[in-house]
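S.K.: First the structure, which I've put down as C-alpha cells, then a few questions once you've had a look.
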Amino acid sequence: MIFRKIVKRHPLVLVFLTLLLTILILGILLCVKRCSHSLGAEAYATSGTAPVEAYARLDSIVMRSQERVYGLPAEDFDVERGEIESGETFSRLLNQRYNVNISIVNRLIELSKGKFELRDIRAGHTYTAFLTPDSTQTLCYLVYERNKTDYVTFGLCDSVYVRVDKKEVITEERYAEGVITSSLFATIYDNNLPEDLATRMSKIFEYTIDFYALQKGDKFRVVYEEMFIDTVSIGIGTIHGVDFHHAGKEYLAYRFYQDNEWGYWDDKGNSLKKAILMSPLSFNARVTSKFGSRVHPIKRIRRQHNGVDYACPVGTPVRAVASGVVTKRGWDAFGGGNRIWIKHSNGYESAYLHLSRFAVKQGQRVTQGQVIAYSGNTGASTGPHLDYRLKKNGKYINPLTNTSQPSTPIKAGNKAAFNRMKQDVDKVIADYAKRNK
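In the UniProt record's numbering, the protein residues as written are 1 to 437.
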C-alpha cells in the first residue's frame, strides 16, 4: 500500500527501480559467465592443453577409433605389412611365419577354390597381417594384394573365410600440356606427369606419328582421367582427347564408341586405327638413319637406303606392322643378317633386318602388333639396331611418310553425336589451356 502511494506520487521511482533490478541481474550473469570461463581455462591449463587443441585431440581420437583398413577395425589389432618372399607359398607363410594351425590352413585352401587361385600368389606382392595385441600375437586376418585395386582377405579368428574385394577407386579429370625437348617420355617425366600418359598417347597415335622421330618444339595438350586409391595415384584411366603438334602439323584424337567398341578418331571423323603401324617398335628406340640417299656406314659410298634404322638394345621386341603371312624367315646373304618378310593386303610388304632371333615361322599368319622377332646386330651392321622396310606394289616407299592407308570413318548415323562430343572435348581443352596461361 505504501509502495503504491509512493509510485503514484513519484512515477520516476518505478523507472529507477526497474533499471536497478536490470543492472543487478546483468551483473550476476556476467559474473557467472566469467567464472565458468575461468574454470574452463584453469582446467585446460592444468592439463596443459588449450581448449581448441583439446577438441582437435578429441577428433583425432574419434578418427583413430573409426579407422578401418581393408574394411577391418585396425585399432583392434597390431597391424604389420610385408612382402611375399621368393619361393614362399601360402601354407608356408601362414604355418611357419605366423604359426597358424595346419587344419585352419587347409580349411582356407578349400574355401579359396573358385574364388582365388592360391598358386597365383607372387613374390614381391604385399600382404597385411592383423594380429591380436597381446602376448600370443594370434593372426586373425591376412590380406593379400593381387594388384593395385584387388585384394583377398583370409579370416582366421571368429570365423574362417575367404573374401575377394576391390578398393574404392576415385577418378578425377586431369589436363596436361608439354613441349618436347628430347622425347615424349622425357617431357612427361620433366612435367611430373604419370608415366602411363606417354605410353597411352603413343598407342593412340601409333598409326599416324612416329614417336621416335619427334622434334624439339613439338607439343601436346591432353584431357584424361587419373585414378586414386586413398589419395595415392594408381595410374590413368580414360584419355578423352589429345591435341598433338608434330613437325608443323596438328594431330587430333577423340574417343568415341562405334561398332560395339571404343576407339579414337581424328577431327574429320576418320578412325586413327589404320592398316599399318607407323613403327614396328613400341619403345626404347630412336631413328638413326632415314629413308633415302645416304653414305653407307660400312662401304662409305653414297647409295639409296630403302628403310628406316632404329637404334635399340639387342632383344627389343619387333612387332608386325600389319596382319599378313610370313613369306621369308632366315639369313639374308646381302648384309641384312637375320631377316623376316611379311606379305600384307592392299599390295604392302614389310621387312625386318639384323634380327637376333625369331618368334614366328615361315608361312605363319600373324596379326598386327604381334611380336615376330627381336632386334639384334647381325649381318652388315655397325651396332645394335633394326632396319625396317616397307613396299607398296613391289616398290620401296618411305615408312615415315606412308599415308595411303584406308581409314574407317564415323558412320552417318553417328556423326551428330560425334560432333557434339568433339565440341565438348575442344571446349574443355581450350578452357584448361586458357587457365594455364
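In this text, a Cβ means the ideal position worked out from N, Cα and C, and glycines have one as well.
#1: Going straight from the alpha carbon of Gly330 to that of Pro194, what length do you get?
#2: Say whether the segment 233-244 touches the segment 272-280, bearing in mind that this needs 3 or more beta-carbon pairs closer than 8 Å, one atom from each stretch.
#3: Taking Leu131 as the reference, give the member of Lys219, Tyr264, Val79 and Ala373 with the closest Cα.
#4: Within its chain, find whatever has a CB closer than 6 Å to the CB of Gly336; leave out the 5 residues flanking it on each side and keep chain order.
#5: Are Arg339 and Leu277 touching if we call contact CB-CB under 8 Å?
#6: So for Thr288, helix, strand or coil by DSSP?
#7: If you run the structure through DSSP and keep just helix, strand and coil, what is Asp215?
#8: I'd like to confirm the pairing. Which residues does DSSP put opposite Glu110 in its beta bridges?
#9: Between the alpha carbons of His245 and Tyr212, how many angstroms are there, rounded?
#10: Go through its chain and collect everything with a Cβ distance to Tyr207's Cβ below 8 Å, but skip five positions before and after it.
#11: Can you tell me whether DSSP reads Cys31 as helix, strand or coil?
#12: Which residue from Leu156, Glu85 and Asp266 puts its Cα closest to that of Asp426?
#13: Just checking, does the segment 133-140 make contact with the segment 150-168 on the three C-beta pairs under 8 Å criterion?
#14: Considering only their Cβ atoms, is the gap separating Ile239 from Arg221 smaller than 8 Å?
#15: What residues match up with Asn338 in a beta bridge as DSSP calls it?
#16: Should the segment 388-403 be called in touch with the segment 302-319, which here means at least 3 C-beta pairs below 8 Å?
#17: Might you give, ordered along the chain, the residues of its own chain that have their beta carbon closer than 7 Å to the beta carbon of Ser112, omitting 5 neighbours on each side?
#18: Assign Ala322 to one of three DSSP states: helix, strand, or coil.
#19: Buried or exposed: which applies to Arg389, given that a residue is buried once 16 or more other Cβ atoms fall within 10 Å of its Cβ?
#20: Give the C-beta separation of Pro409 and Gly269 to the nearest angstrom, bearing in mind that I take them to be a contact with Cβ-Cβ under 8 Å.
#21: Where does Asp424 fall in DSSP's three states?
#22: Can Val366 and Ser407 be called in contact, C-beta distance under 8 Å?
#23: Can you list, in chain order, the stretches of the beta strand (DSSP E) that have 3 or more residues and sit fully within the segment 199-283?
#24: Roughly how many angstroms separate the alpha carbons of Pro133 and Lys115, rounded to a whole number?
#25: Rounded to the nearest angstrom, what separates Arg92 and Asp150 at their Cα positions?
#26: Quick check: what's the CA-CA separation for Leu72 versus Gly248?
#27: Would you identify the three-state DSSP class for Asp196, choosing helix, strand or coil?
#28: Am I right that Val326 and Val287 are in contact with their C-beta atoms under 8 Å? What's the rounded C-beta distance?
#29: Measuring alpha carbon to alpha carbon, tell me which of Asn436, Val160, Gln362 and Ala416 ends up nearest Ile102.
#30: What did DSSP end up calling Phe418 once you bin it into helix, strand or coil?
#31: So, Tyr127 versus Gly82, is the Cβ gap smaller than 8 Å?
#32: With 16 other CB atoms within 10 Å as the buried threshold, where does Asp431 fall?
#33: Confirm, please, whether the CB-CB distance from Ser375 to Ser350 is below 8 Å.
#34: Kindly indicate the opening and closing residues of the beta strand (DSSP E) around Ile170.
#35: Would you grab the beta carbon distance between Glu98 and Ala74 for me? Rounded to a whole angstrom, and I think it's under 8 Å.
#36: Between which two residues does the beta strand (DSSP E) harbouring Ala311 extend?
M.R.: Quick look at the numbers:
#1: Their Cα atoms are separated by approximately 41 Å.
#2: Pairwise C-beta distances place the segment 233-244 out of contact with the segment 272-280, as fewer than three of them are shorter than 8 Å.
#3: Selection Lys219, Tyr264, Val79 and Ala373 evaluated against Leu131 yields Val79 as nearest (Cα-Cα).
#4: Leu353 and Gly379
#5: No, the pair does not count as a contact, with Cβ atoms beyond the cut-off.
#6: strand
#7: Correcting the residue identity first, residue 215 is Gln in this sequence and not Asp. DSSP places Gln215 in coil when its eight states are reduced to three.
#8: Glu110 is not bridged to any residue.
#9: 15 Å
#10: Taking C-beta separations shorter than 8 Å and ignoring five residues to either side along the sequence, the partners of Tyr207 in its chain run Leu272, Lys273, Lys274, Ile276, Leu277, Met278 and Gln405, following chain order.
#11: Model confidence at Cys31 stands at a pLDDT of 46, short of 50, so the residue's coordinates are unreliable; what they give is reported in the following sentence. Three-state result, Cys31: helix.
#12: Asp266
#13: yes
#14: no
#15: Trp331 and Leu355
#16: Yes, the segment 388-403 is in contact with the segment 302-319.
#17: Leu118 and Val162
#18: coil
#19: In the assembly as shown, Arg389 is a buried residue. Its beta-carbon has 16 or more other beta-carbons within 10 Å.
#20: 5 Å
#21: helix
#22: no
#23: 219-229, 232-246, 249-258, 261-265 and 270-274
#24: 30 Å
#25: 22 Å
#26: 56 Å
#27: Looking at Asp196 - three-state DSSP - the assignment turns out to be helix.
#28: No, Val326 and Val287 are not in contact; Cβ-Cβ is about 25 Å, not under 8 Å.
#29: Val160
#30: helix
#31: yes
#32: exposed
#33: Contact: no.
#34: Ile170 to Val179
#35: Looking at the sequence itself, residue 98 is Tyr, so the reference to Glu does not match. Actually they are not in contact, since the Cβ atoms of Tyr98 and Ala74 sit about 17 Å apart, beyond 8 Å.
#36: Element bounds for Ala311: Gly307 to Ala311.
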